[in-house]
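Peer 1:
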Amino acid sequence: MPETPFLLLAKRIPPMYWRLFQGVTLDSRMGYTGRRQFHSLGQAIDWAKSSVGDSWSNKRFHKPVGLDVLLACTASKVPEHLVEELKRRGS
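In our numbering, each residue carries its 1-based index in the sequence shown increased by 20.
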């Protein structure tokens, strides 16, 4: 199963930070058809890795998904120091 642009971004975020991303929406901005909301980044990743998530991915979407897009699709406010750290890491 090919990795979507969202999964490529998520892979660069250490799992210990996933719980800080709450209310994550996967939609066209992230390369998916329709709109699905998840309690946490971890749940969104699990769904995106599944065959159901793969079936919802837009196979023609190849644009990289950056941290700013993920933050715009996240309901919770992620601490600024973490955002800066993730940007330095290249997420």
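Cβ atoms here follow ideal geometry from the backbone N, Cα and C, with glycine treated the same way. Everything numeric in this text was worked out from a predicted model, so none of it was measured.
(1) Less than 8 Å separating the beta-carbons of residue 93 and residue 49?
(2) One question on the structure: do residue 82 and residue 22 come within less than 8 Å of each other, judged by their Cβ atoms?
(3) Can you name the start and end residues of the alpha helix (DSSP H) that residue 109 belongs to?
(4) With burial defined as no fewer than 16 other Cβ atoms inside 10 Å of the residue's Cβ, what is the status of residue 44: buried or exposed?
(5) Which residue comes first and which comes last in the beta strand (DSSP E) that contains residue 44?
Peer 2: By the coordinates alone:
(1) One-based indexing of the sequence shown puts residue 93 at position 73. One-based indexing of the sequence shown puts residue 49 at position 29. It is a contact, given that the beta carbons lie within the stated cut-off.
(2) For the purposes of this step, residue 82 is taken as the residue at position 62 of the sequence shown. For the purposes of this step, residue 22 is taken as the residue at position 2 of the sequence shown. Taking 8 Å as the Cβ cut-off, residue 82 and residue 22 do not qualify as a contacting pair.
(3) Position 89 of the sequence shown holds residue 109. Counting along the chain, the alpha helix (DSSP H) containing residue 109 begins and ends at 100 to 109.
(4) Within the sequence shown, residue 44 is the residue found at index 24, counting from 1. Residue 44 is buried by the Cβ-count criterion.
(5) Along the sequence shown, one-based indexing puts residue 44 at 24. Residues 42 to 46.
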